[in-house]
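Asks: Here it is: the structure, laid out below.
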Amino acid sequence: MRVDVSLAPGEISAGEAAQAVVVVIDVLRATSTVVVALDNGCEEIIATESIEEAINIASGYTKADYVLGGERRGLAVDGFDLGNSPAEYVPSKVAGKKLIFTTTNGTRAIKAYGNAYAIYAASFLNADAVFRALARNHADRDVILVCAGQDSRFCMEDALCAGLLARRLRDELGASLSDSANAAADLFGIHENSIHGALAASSHGSYLIGLGYGQDVEFCSRRSEIDVVPKVYDRRVIRRAPVEPEE
Ligand code: MLT
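Mapped onto numbering that gives the first Met the number 0, the consecutive letters of the sequence shown carry residue numbers 0 to 246.
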């Protein structure tokens, strides 16, 4: 296994990822929210790039069967049922329903790598579960950890989570790391005992705290508390991956 990290959006093209397993990371907050929604019984999540696309897809379903969720500039979209705070995705809102979901960076990153061999979503919350799924199902395949970033740029929180995964893949599976994967692993090593502090000091973390979402920043910094592996099917539909070996 060789592990590469796309530290900023677009650094690794979809073509380069065609034979690889892609893990999309948007710690604040899209992939953390996806993990919580699936853990709380959401049937599946349809990732969309735009608000219009989300509304259009929703029009094909009966209202009782779905919720519309997502954000722009960190705030809930007008007319949507839910924003992008993991705390909103409680069983009474999402259990047994589809979530039609659009976020600024996270859902776009998921859709950008639709042609990869397999696509998973990771955050600190499910890092251990994703590591185990990679070890169990894809130990012989190259892995690309894709940081969704913030407005097309590098962001600290996604690089730290990529570093956690890269380090475990190297140390426990013997994976070789690209320079960006080694850099992410080293960065994680610097902050591993103060993830919440690093997230709170990050640019998007401090923006979210300013909006009143400090609890989200704290929650999203918790490590491996949720045993859910979100997997992307048909380029945009995210469901829980099976617990058994997949191949
Ligand atoms: C995104 O996809 O850009 C984020 O999840 C934004 C947010 O924190 O809501």
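Every residue, glycine too, gets a C-beta built ideally from N, C-alpha and C.
Have a look at Arg166 and Glu224 and give me their C-alpha separation to the nearest angstrom.
Replies: Within the sequence shown, numbered from 1, the residue matching residue 166 stands at position 167. Within the sequence shown, numbered from 1, the residue matching residue 224 stands at position 225. When rounded, the distance between both Cα atoms is 19 Å.
Asks: Enumerate in chain order the residues of its own chain whose CB-to-CB distance from Ala184 is below 7 Å, with the five nearest sequence positions on each side excluded.
Replies: Taking the sequence shown and counting its residues from 1, one reaches residue 184 at position 185. Excluding sequence neighbours, Ala184 sits near Gly162, Ala165, Arg166, Arg169, Leu176.
Asks: Can you give me the Cβ contacts of Thr102 inside the same chain, cut-off strictly under 6 Å, excluding the 5 residues immediately before and after it?
Replies: Here residue 102 is taken as the residue at index 103 of the sequence shown, counted from 1. Cβ neighbours of Thr102 beyond the five flanking positions: Ala29, Gly69, Glu70, Asn83.
Asks: Between Ile237 and Val33, which are expected to be in contact by the criterion C-beta below 8 Å, what is the C-beta distance as a whole number of angstroms?
Replies: Taking the sequence shown and counting its residues from 1, one reaches residue 237 at position 238. Taking the sequence shown and counting its residues from 1, one reaches residue 33 at position 34. Their Cβ separation, rounded to whole angstroms, is 6 Å, which keeps Ile237 and Val33 in contact under 8 Å.
Asks: Under 7 Å Cβ to Cβ from Ala13, same chain only, skipping five residues before and after it: list those, please.
Replies: Translated into positions along the sequence shown, residue 13 becomes position 14. Excluding sequence neighbours, Ala13 sits near Ala111, Tyr112, Asn114.
Asks: I'd like to confirm something about Arg28: is its beta-carbon nearer than 8 Å to some heavy atom of ligand 1, or not?
Replies: Taking the sequence shown and counting its residues from 1, one reaches residue 28 at position 29. It does: the Cβ of Arg28 is within 8 Å (strictly closer) of some heavy atom of ligand 1.
Asks: With hydrogens ignored, establish whether the beta-carbon of His203 is closer than 8 Å to any heavy atom of ligand 1.
Replies: As a first step, residue 203 is located in the sequence shown; it is residue number 204 there, counting from the start. The answer is yes for His203.
Asks: Can you tell me where the alpha helix (DSSP H) holding Tyr206 begins and where it ends?
Replies: As a working note, residue 206 is residue 207 in the sequence shown. Unbroken alpha helix (DSSP H) run through Tyr206: 202-209.
Asks: Enumerate in chain order the residues of its own chain whose CB-to-CB distance from Met155 is below 7 Å, with the five nearest sequence positions on each side excluded.
Replies: Residue 155 sits at position 156 when you count from the first residue of the sequence shown. Ala197, Ser201.
Asks: Whole-angstrom Cβ separation of Asp3 and Ala147, contact assumed at under 8 Å?
Replies: The residue you call residue 3 lines up with position 4 of the sequence shown. The residue you call residue 147 lines up with position 148 of the sequence shown. At roughly 16 Å, the Cβ-Cβ gap does not stay under 8 Å, so Asp3 and Ala147 are not in contact.
Asks: Distance, Cα to Cα, Val143 vs Val22?
Replies: Numbered from 1 along the sequence shown, position 144 holds the residue referred to as residue 143. Numbered from 1 along the sequence shown, position 23 holds the residue referred to as residue 22. Checking the sequence, you will find Ile at residue 143 rather than Val. Approximately 6 Å, taken between the alpha carbons.
Asks: With hydrogens ignored, establish whether the beta-carbon of Asp25 is closer than 8 Å to any heavy atom of ligand 1.
Replies: Position 26 of the sequence shown, counted from the start, is the residue given in the question as residue 25. Yes, Cβ of Asp25 sits closer than 8 Å to a heavy atom of ligand 1.
Asks: By a C-beta neighbour count over all protein chains shown, 10 Å radius and 16 as the cutoff for buried, is Asp9 buried or exposed?
Replies: Translated into the one-based positions of the sequence shown, residue 9 becomes position 10. According to the sequence as given, residue 9 is Gly; it is not Asp. Classification for Gly9: exposed.
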